[in-house]
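K.L.:
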Amino acid sequence: MRVLLINPWETGEFPPPSIAYLQSALKDQGVDVAVKDLHDAINDTETYDITGVSFHSFSVRHARLIRDRIKGRLICGGHHPSAMPEQMLSIGYDQVVIGEGENAIIDIVQGNNEKIVSNCEHKYFYGINEIPFPDYTGLKFYGTQGIPIISSRGCPFRCNFCGSTEFWGHKYQMRSADNVILEIEKRKSEGFKTWIFYDDNFTANKKRVFEICAGLDGELKWQCVGRAESMDEELARELYRAGCRKVHFGIESLSQDALDRMGKNTTVEKMLRGVEIAENNGINTMSLFLVGLPGDTYKNIEETKANRLRSRITQYGPNICWVLPNTSIYNKAKEYGMSDSVYLESGAPFYTYEHSYNELLKWSQEL
């Protein structure tokens, strides 16, 4: 059995961990597996028994091209196919994996021919700590953030613009601190000098963050992703001691009205206090904003800008809101007549049903 895994997304700081996890799971079971990026894969002349692709809603625009160019049995998984399995089957994919893929892809290799594969009866890995560390062989790194470390899967929050919670089945799974440290030591032995904890929310469980930090001496510097209101003095000091020098905060908005509409379950003041604490303790912050959520008005932009200017925020990045499947924003866009075909044509669309793209772009530039 020969398996090819395709990375259809060739931009960004680092390759998708999903492909690396699938590769390691297959190799653990003795499967002959190769990984190629999109260009190399569609021009490959070798023969494989199964070809697998992991799509999110931004990269799924390449789905038809891959189906046209790849001969033989073609399976897919990831955030977008999990949300829209019938769409993938309709364009010729033979099987679709819903949710976590490590057990599912091995089940397929072992003979599972179901069109939609989820909650596999056969388990090869029974818990998140049993899954082999991701294998990035064949994948390319482009940026300076080092290697991604995924220490948990899912998020305990329910922000209505985010498709991640649905993908993970509304579960929040945490790897043990010992397991995470083992992977970091492995990456260091491979020559990596830095990494980013690329969880949806690394700081969600303060106790576990302390356990992980206890295994780090602070010699190497790293980054993480978290929620600003989770930052307190004790946590900031320990993160800094352990080597953390940057935290990426999903602020989204500094208008309380907008925060409440998106189900953020926090306040402007709590987030600004978290940013201040991090910055005061030597940790640089990157605050990420969303513009154009359903119900947004220019007043929300004015409030966000005013609060940003009085804050310790120095680095920030505004993004126009995307329409991701299985979110309330998706349901709202469907009410306005959005067709699911847009994903296959151009990837995830911007939410432009209440304000034009040019207006939203102007808003984002004014933040």
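Residues in the sequence shown are numbered consecutively from 22, following this note's numbering. All residues carry an ideal CB built from backbone N, CA and C; glycine is no exception.
So, Gln44 versus Asp361, is the Cβ gap smaller than 9 Å?
P.N.:
No, these two residues do not count as a Cβ contact at 9 Å.
K.L.:
What are the boundary residues of the beta strand (DSSP E) that Met307 is part of?
P.N.:
305-312 is the extent of the beta strand (DSSP E) around Met307.
K.L.:
Under the DSSP definition of a beta bridge, which residues are partnered with Ala55?
P.N.:
According to DSSP, which records beta bridges pairwise, Ala55 is partnered with Leu25.
K.L.:
May I ask you to list the residues that DSSP assigns as paired with Ser75?
P.N.:
Gly98.
K.L.:
Identify the residues that DSSP records as bridge partners of Gln116: which are they?
P.N.:
According to DSSP, which records beta bridges pairwise, Gln116 is partnered with Ile96.
K.L.:
Among all the DSSP beta bridges, which residues are the ones paired with Arg398?
P.N.:
Because residue 398 is not part of the residues shown, which for the chain are 22 to 388, the question remains open.
K.L.:
Would you kindly report the start and end of the unbroken beta strand (DSSP E) that includes Pro339?
P.N.:
It spans 336-341 - the beta strand (DSSP E) in which Pro339 sits, taken as one unbroken run.
K.L.:
So Arg85 is in the alpha helix (DSSP H); what residue range does that whole segment cover?
P.N.:
Per DSSP, Arg85 belongs to the alpha helix (DSSP H) from 84-90.
K.L.:
Cα-Cα, which of Gly313, Ser349, Ala369, Pro346 is closest to Gln386?
P.N.:
Among Gly313, Ser349, Ala369, Pro346, the Cα nearest to that of Gln386 is on Gly313.
K.L.:
Quick one: residues in its chain with C-beta nearer than 7 Å to the C-beta of Leu275, no 5 flanking neighbours on either side, listed in chain order?
P.N.:
So the qualifying residues of the chain are Val289, Glu324, Thr325, Asn328, Arg329.
K.L.:
Flag this pair as yes or no: are the beta carbons of Arg333 and Leu293 separated by less than 9 Å?
P.N.:
A contact, by the Cβ cut-off of 9 Å.
K.L.:
Report the residue from Gly264, Ile71, Glu300, His83 whose alpha carbon sits nearest the alpha carbon of Asn133.
P.N.:
The option with the nearest alpha carbon to Asn133 is Ile71.
K.L.:
Name the one or two DSSP bridge partners that Phe154 has.
P.N.:
Answer is none; Phe154 lacks a bridge partner.
K.L.:
Is the separation between the beta-carbon of Cys97 and that of Val130 shorter than 9 Å?
P.N.:
Against a cut-off of 9 Å, the Cβ pair of Val130 and Cys97 comes out as no contact.
K.L.:
Are the CB atoms of Phe146 and Asn181 within a distance shorter than 9 Å?
P.N.:
Cβ atoms of Asn181 and Phe146: not closer than 9 Å.
K.L.:
Per DSSP, what kind of secondary structure is Gly271 in: helix, strand or coil?
P.N.:
Correct three-state label for Gly271: strand.
K.L.:
So, Gly264 versus Leu241, is the Cβ gap smaller than 9 Å?
P.N.:
Yes, the pair counts as a contact, with Cβ atoms nearer than the cut-off.
K.L.:
Residues in its own chain within less than 8 Å of Phe371 by CB, not counting five upstream and five downstream?
P.N.:
Within the same chain, Phe371 has close Cβ partners Gly313, Ile341, Cys342, Trp343, Val344, Tyr378, Leu381.
K.L.:
Would you report the Cα separation of Thr66 and Gln50, rounded to the nearest angstrom?
P.N.:
Each residue's Cα considered, the two are about 25 Å apart.
K.L.:
Using a Cβ distance threshold of 8 Å, determine whether the segment 144-160 contacts the segment 185-200, with at least three qualifying pairs required.
P.N.:
At 8 Å Cβ cutoff, the stretches touch.
K.L.:
Where do the ends of the beta strand (DSSP E) carrying Cys234 lie?
P.N.:
That residue, Cys234, is in no beta strand (DSSP E); its alpha helix (DSSP H) goes 227-235.
K.L.:
Please report the distance separating the alpha-carbon of Leu95 from that of Ala46.
P.N.:
Whole-angstrom Cα-Cα distance: 18 Å.
K.L.:
Name the DSSP beta bridge partners of Gly247, please?
P.N.:
Gly247 pairs with Phe270.
K.L.:
Could you check which residue in Val56, Val230, Val138 has the C-alpha nearest to that of Ala257?
P.N.:
Looking at the Cα atoms, Val230 is the closest of the given residues.
K.L.:
May I ask you to list the residues that DSSP assigns as paired with Pro169?
P.N.:
DSSP output for Pro169 lists Ile217 as bridge partner(s).
K.L.:
How would you label Met283, buried or exposed, when you count the other beta carbons within 10 angstroms and need 16 or more for buried?
P.N.:
Classification for Met283: buried.
K.L.:
Select from Phe188, Gly368, Lys207, Tyr337 the residue whose C-alpha is nearest the C-alpha of Arg347.
P.N.:
First, the residue type needs correcting, since residue 347 is Asn and not Arg in the sequence shown. Comparing Cα positions, the closest option is Phe188.
K.L.:
Using the C-alpha atoms, what's the distance from Gly167 back to Tyr337?
P.N.:
Each residue's Cα considered, the two are about 21 Å apart.
K.L.:
I need the boundaries of the alpha helix (DSSP H) containing Phe188, first residue and last residue.
P.N.:
First-last of the alpha helix (DSSP H) with Phe188: 185-188.
K.L.:
Quick one: Cα of Arg174 to Cα of Ser39, how far?
P.N.:
C-alpha separation (whole angstroms): 11 Å.
K.L.:
Compute the beta-carbon to beta-carbon distance between Tyr69 and Val24, rounded to the nearest angstrom, for a pair I have assumed lies under 8 Å.
P.N.:
Sure, about 6 Å apart at Cβ, within 8 Å.
K.L.:
Identify every residue that forms a DSSP beta bridge with Phe371.
P.N.:
Paired residues: Trp343.
K.L.:
When the Cα atoms are used, what is the spatial distance from Leu26 to Pro339?
P.N.:
Each residue's alpha carbon lies about 33 Å from the other.
K.L.:
Determine which residues share a DSSP beta bridge with Val398 and list them.
P.N.:
Because residue 398 is not part of the residues shown, which for the chain are 22 to 388, the question remains open.
K.L.:
Which residue wins for smallest C-alpha separation from Lys144, given the options Glu121, Lys136, Ala235?
P.N.:
Lys144 has its Cα closest to that of Glu121, out of Glu121, Lys136, Ala235.
K.L.:
Assign His83 to one of two classes, buried (16 or more other C-beta atoms within 10 Å of its C-beta) or exposed (fewer than that).
P.N.:
His83 is buried by the Cβ-count criterion.
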